[in-house]
Amino acid sequence: MPVFDKDGAQVWRLRTPREKLIRLGGWLIGLVIFAICWQRISEATTWFFVWDAPRIANDIWTRATPPRWEYITQLGRPIWDTLNIATLGTIIALFLAVPVAFLAARNTTPSKLFIRPIALLIIVSTRSINSLIWALLLIAIIGPGVFAGVVAIAIRSIGFCAKLLYEAIEEIDHAQVEAITATGASRWQVMAYGIVPQIMPAFAGVAVFRWDINIRESTVLGLVGAGGIGLQLSASLNVLAWPQVSLILLVILAAVVISEWVSAKVRGAII
Amino acid sequence: MLRLEKLTKTYKTGDKALQDIDLEVPSGQVLALIGPSGAGKSTLIRCINRLVEPTGGAVMLDGEDLTRLGSGALRRARREMGMIFQEYALVERLTVMENVLSGRLGYVGFWRSFLRRYPQKDVDEAFRLLDRVGLLHMADKRADELSGGQRQRVGICRALIQDPKLLLVDEPTASLDPKTSRQIMRLITELCRERGLAAIINIHDVLLAQMFVPRIVGLRFGEIVFDGPPEGLTPDKLTEIYGEEDWEATIEKVEDEEDIEAAE
Amino acid sequence: MSHRELDDMLGKGWRKPHFVKSPLLRWGLTLGFLAYLGAAYLTIEIDWGRVYAGLDRGWQFVLSFTRPDFISRAGDIWGGLLESIVMTVAASVVGIAISIPIGLGAARNVAPLPVYVICRGIVAVSRALQEIIVAILLVAIFGFGPLAGFLTLSFATIGFLSKLLAEDIEAMDKVQAEAIRASGARWMQWINYGVQPQVMPRLVGLSMYRIDINFRESAILGLVGAGGIGATLNTAFDRYEYDTAAAILILIIGIVMALEYLSGVIRARVQ
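Protein chains in written order, with the working numbering: chain Y, 95 to 365; chain A, 15 to 278; chain D, 14 to 284.
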């Protein structure tokens, strides 16, 4: 907190001139970076289309309203598929995430030097890659369809679930584990009595939370051919059937809202 | 029955928590371990059942050196030693009954314990113990619904159902109010008498120790500086244990009290 | 009395009380869940022959991670990656800048009711629509290219950040804010002195997290023509060029890890 003498009066400033300069420089560099980024985006943009955008948006809106309500009879199966992709994917992911989490947590991993880094690598690599990319890959490997979607969602969710779970495992109360160990319990018994009860709430929370996210993600997996309602969306977009597109978007919106509501209710009941 | 021979523990940081401790506890004797925080009380009892690995010396239980046991034999040896903890260390999300029965884990196989199918005689014993400490009606409550004193009673049941020869008790009253503290100490010493158990009780409250326990061992900087009956604990001896003329030690003691308050 | 109770209980078995008390509901839920799993499994058509045939290709893909090919399509990879980064930076800057006023507006203890309703509405719409769907619509309106991607990410950032910021403001310490107001500060001064210092560390942390998410999302926007590395990746999969795909995935994972590390450092510094 510098205080200066200026014309015989004491002047207080929050920062010294040097600090001010550094801050100003930082802001300037940031601004330049942003300007460069914007410049590149602008170069890659056909501005004629952008100026035309309001008209096109208006055009799409008039075509898309009203939605083609009777199309909903054909959406039953895709919605069922979407639900299955999310639910089965979440279940498989949880089965795989639990061992990974135990291997990744500092206090339960068998080897900090070798196994923990591998578990962490699994977590970060499955988490960093979007489920759509996993779906693309799986379609190339096992062919298009609902199954590719299930596996894509499962792989993508492993890292997410395992990360939250291993953080929960690292935060457990060590005294409870010590107490069970002191009774002469075996390694697995210590796990079942000392650790598992403590992470059960976190596990249930993670499961429901991820299921909610997976419902969202599985609605769009069909865009790349991995089954679910996204398939209909993609087909309708290809033939520019805007009234169908708007109906599908409404259905997706409803699914997202309902799943969020269900997950909030279940989490409230468990915790 | 229990004999510690030159028991030593040096932590990785270089702290010498225990230095050449020699101590003999005959069958059925209850002794209190007193001393300032950081004197190594907690380390000492954890070295006995090897929750902390000692770095040197021997722990002889009925002629068997516990420090040389493999993991299977160590688990069998741990069944002989019931432990009671400072913050109760109950598994909070399990029921009272499960917590008590968890004391039998060393005796039943994994699947039996996992499916909660304990032998009837264990279940009966759990009921009897809960009745003895007055908590039978709480058997199916979850542990985190109980008060501090009730939780410590459950902790005592868990230790006793192991059918141990020796109780290791780590600051049983540290987070309890004065009245409950006395009740718990009375309960522990009574139960030891009923069952002829030996016990080592870590306790920072000298008055409580003098009131209930016939033999007191004073620990300071990892060394035994007093061993005798409560009457032998003169102010001089207390000064030797707690080092009250020593400024640094006095400051340390004040910090301890804050720690305990924080723990509550 | 209590001893009679004990005598009654001795010799009787003991079972852990069930989580769901009513047996009818318990069995109903279990059977219902099993029935659902069965139905879900039966409606997924899995072509095991195709899966089996694909295992070989899958293995090829795994192997390709040991020899990623950064060279053959170097131009496409760097171009796409740069575009992803540019979109991430620009969208994060704009998104964060806009979400601050909207976050203030969506906090009930700071904003008047009409402003609150409008801002909460914007947040709800932005959160309900997934990035990829917004991207499809924006590509249809603005044409192909990074502008659509930039707008998508900005829009998604607003929903994410404003909501969390608003929740943080609503949970802040009232006393500090009241003390500033009591000194006769204007609204802007009050926000600057009473509110900003309290929420700033969390805002920085959340912004870093959002930059991380934006980069990950920018990797898929290319699938629908909204710019970024996604298009290159899609082409690589289509041509079965797994070596190139592996190279791109490694780059994405590496950048995400670097960002996570950076955000960890920054969050540790502001808190």
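Every residue, glycine too, gets a C-beta built ideally from N, C-alpha and C.
Closest to L50 (chain D) by C-alpha separation, out of Y:I274, Y:V240, Y:I266, Y:L182, would be which residue? Taking the third sequence and counting its residues from 1, the one referred to as residue 50 (chain D) is at position 37. Checked all of Y:I274, Y:V240, Y:I266, Y:L182; the closest Cα to L50 (chain D) is Y:L182.
I149 (chain D) beta carbon near the ligand FAD (any heavy atom closer than 8 Å): For the structure depicted, the ligand FAD is absent and the ligand set is empty, with no information on it obtainable.
What are the start and end residues of each continuous alpha helix (DSSP H) run of 4 or more residues lying completely inside the region 310-352 of chain Y, in chain order? Unbroken alpha helix (DSSP H) stretches of 4 residues or longer found wholly inside the region 310-352 of chain Y: 323-332, given in chain order.
With 7 Å as the limit, tell me which residues of the region 124-153 of chain D have their beta carbon closer than that to any beta carbon of chain Y; keep them in chain order. So the close ones are A141, Q143, I145, I146, I149, A153.
Does the contact criterion of 3 or more C-beta pairs under 8 Å hold for the region 172-189 of chain A versus the region 314-331 of chain Y? The region 172-189 of chain A makes no contact with the region 314-331 of chain Y; the number of CB pairs closer than 8 Å stays below 3.
Beta carbon proximity, I366 (chain Y) to chain D, threshold 9 Å: Any question about residue 366 (chain Y) goes unanswered here, given that chain Y covers just 95 to 365.
Beta-carbon separation of S41 (chain A) and Y102 (chain A) under 9 Å? Numbered from 1 along the second sequence, position 27 holds the residue referred to as residue 41 (chain A). Numbered from 1 along the second sequence, position 88 holds the residue referred to as residue 102 (chain A). Not closer than 9 Å, so no.
Less than 9 Å between CB atoms is the rule here; does L226 (chain Y) satisfy it with respect to chain E? Absent here is chain E; the protein component of the structure consists of chains Y, A and D.
Per DSSP, what kind of secondary structure is W27 (chain D) in: helix, strand or coil? As a working mapping, residue 27 (chain D) is identified with position 14 in the third sequence. Coil.
Could you tell me the boundaries of the beta strand (DSSP E) in which N227 (chain D) lies? Looking up residue 227 (chain D) in the third sequence gives position 214. No beta strand (DSSP E) contains N227 (chain D), which is instead part of the alpha helix (DSSP H) from 209-234.
Between the region 191-201 of chain A and the region 332-350 of chain Y, are three or more C-beta pairs nearer than 8 Å? Contact check between the region 191-201 of chain A and the region 332-350 of chain Y: fewer than three CB pairs, one atom from each, fall below 8 Å, which does not count as touching.
Which chain Y residues are close to G117 (chain A), counting only those with a beta carbon under 7 Å from its beta carbon? Translated into the one-based positions of the second sequence, residue 117 (chain A) becomes position 103. Neighbours of G117 (chain A) on chain Y, chain order: T277.
Nearest-angstrom beta carbon gap, R157 (chain Y) and W336 (chain Y) [assumed within contact, 8 Å]: Along the first sequence, read from residue 1 onward, the residue named residue 336 (chain Y) stands at position 242. Along the first sequence, read from residue 1 onward, the residue named residue 157 (chain Y) stands at position 63. Between R157 (chain Y) and W336 (chain Y) the Cβ distance is about 4 Å, and since that is below 8 Å, they are a contact.
In angstroms with no decimal places, state the Cα-to-Cα distance between P36 (chain Y) and I166 (chain Y). Residue 36 (chain Y) lies beyond the range of chain Y shown here (95 to 365); nothing can be said about it.
Could you tell me the alpha carbon to alpha carbon distance between L291 (chain A) and G96 (chain A), rounded to whole angstroms? Past the boundaries of the shown model lies residue 291 (chain A); chain A is included only from 15 to 278, so the question cannot be answered.
Mind checking the region 33-52 of chain D against chain A and listing, in chain order, the residues whose C-beta falls within less than 9 Å of any C-beta there? Answer in chain order: no residues at all.
Just the Cα atoms here: how many angstroms apart are L231 (chain Y) and V208 (chain D)? One-based indexing of the first sequence puts residue 231 (chain Y) at position 137. One-based indexing of the third sequence puts residue 208 (chain D) at position 195. Taking the straight line from one Cα to the other gives about 47 Å.
By Cβ distance, which residues of its chain are closer than 6 Å to L315 (chain Y), with the 5 residues on each side in sequence left out? As a position in the first sequence, residue 315 (chain Y) is number 221, starting the count at 1. Once the five neighbours on either side are set aside, the close Cβ partners of L315 (chain Y) are A229, G243, G322, G324.
What does V301 (chain Y) reach in chain A if we use C-beta pairs closer than 7 Å? Start at 1 with the first residue of the first sequence, and residue 301 (chain Y) comes out as number 207. At residue 301 (chain Y) the sequence reads Ala, which differs from the Val that was named. Ordered by position in chain A, no residue passes the 7 Å Cβ test against A301 (chain Y), which lies about 17 Å from the chain.
Give me the residue from D:F83, D:L166, D:Y65 with the minimum Cα distance to I111 (chain D). The residue labelled residue 111 (chain D) in the question sits at position 98 within the third sequence. Selected option, being the one with the closest Cα: D:L166.
For chain D, is any of its Cβ atoms less than 9 Å away from the one on T231 (chain A)? The residue labelled residue 231 (chain A) in the question sits at position 217 within the second sequence. Note that residue 231 (chain A) corresponds to Val in the displayed sequence, not to Thr. Residue contact check for V231 (chain A) against chain D: no CB pair falls below 9 Å.
Can you list the residues of chain D that R142 (chain A) reaches, using a CB-CB cut of under 9 Å? For the purposes of this step, residue 142 (chain A) is identified with residue 128 of the second sequence, where counting begins at 1. Listed along chain D are L19, L23, each with a C-beta nearer than 9 Å to that of R142 (chain A).
Limits of the alpha helix (DSSP H) - the one that Q104 (chain Y) falls within: If you number the first sequence from 1, residue 104 (chain Y) lands on position 10. DSSP places Q104 (chain Y) in no alpha helix (DSSP H) but in the uninterrupted beta strand (DSSP E) bounded by 103-106.
On the DSSP bridge assignment, give the partners of K30 (chain A) in chain order. Against the second sequence, residue 30 (chain A) aligns to sequence position 16. In the DSSP output, where bridge partners are listed per residue, K30 (chain A) has A:T24.
Could you name the residues of the region 120-147 of chain Y whose beta carbon sits closer than 7 Å to any beta carbon of chain D, in the order they occur along the chain? For the region 120-147 of chain Y, the residues whose beta carbon sits under 7 Å from a beta carbon of chain D are, in order, I127, F128, C131, W132, R134, I135, A138, T139, T140, F143, V144, A147.
Any idea what DSSP makes of R76 (chain A), helix, strand or coil? As a working note, residue 76 (chain A) is residue 62 in the second sequence. Strictly speaking, residue 76 (chain A) in this sequence is Asp, with Arg absent from that position. Note: D76 (chain A) maps to coil in three-state DSSP.
List, in order along the chain, the chain A residues whose C-beta lies closer than 9 Å to that of K187 (chain D)? Your numbering for residue 187 (chain D) matches position 174 in the third sequence. Simply none; closest approach about 27 Å.
Verify whether the separation of the beta carbon atoms of L177 (chain Y) and L341 (chain Y) is less than 9 Å. One-based indexing of the first sequence puts residue 177 (chain Y) at position 83. One-based indexing of the first sequence puts residue 341 (chain Y) at position 247. Inclusion of L177 (chain Y) and L341 (chain Y) in the CB contact set at 9 Å is not warranted, their separation being larger than that value.
For L108 (chain A), collect the residues of the same chain with a Cβ closer than 8 Å to its Cβ; drop the 5 residues on either side in sequence, then sort them by chain order. On the second sequence, position 94 is the one that residue 108 (chain A) refers to. Take L108 (chain A), set aside five residues on each side of it, and the residues of its chain with a beta-carbon closer than 8 Å to its own are S116, R156, A157, in chain order.
Of all the residues that make up the region 95-110 of chain A, which are near chain D by a beta-carbon distance shorter than 7 Å? Listed in sequence order: T109.
Which residues, taken in chain order from the region 278-295 of chain Y, show a beta carbon closer than 7 Å to some beta carbon of chain A? Contact annotation: in the region 278-295 of chain Y, residues whose CB is within less than 7 Å of a CB in chain A are G278, A279, S280, W282, Q283, A286, Y287, G288, P291, Q292, M294.
Per DSSP, cross-strand counterpart(s) of L47 (chain A): Here residue 47 (chain A) refers to the residue found at position 33 when the second sequence is read from its first residue. When beta bridges are read from the DSSP output, L47 (chain A) appears opposite A:N216, A:V231.
Using DSSP's beta-bridge definition, name the partner residues of I35 (chain A). Along the second sequence, read from residue 1 onward, the residue named residue 35 (chain A) stands at position 21. Note: I35 (chain A) is bridge-paired with A:L21 in the DSSP secondary-structure output.
Any beta carbon of chain D sitting closer than 9 Å to that of R109 (chain Y)? Mapped onto the first sequence, residue 109 (chain Y) falls at position 15. No, R109 (chain Y) lies away from the interface with chain D (no Cβ there is under 9 Å from its Cβ).
Counting only beta-carbon separations shorter than 9 Å, does A153 (chain A) have a partner in chain D? What you label residue 153 (chain A) is simply residue 139 of the second sequence in a count that begins at 1. A153 (chain A) counts as touching chain D.
Compare the Cα-Cα distances from V107 (chain D) to each of Y:L125, Y:W145, Y:T203 and report the closest residue. Working through the third sequence from its first residue, we reach residue 107 (chain D) at position 94. Of Y:L125, Y:W145, Y:T203, the smallest CA-CA separation from V107 (chain D) is found for Y:L125.
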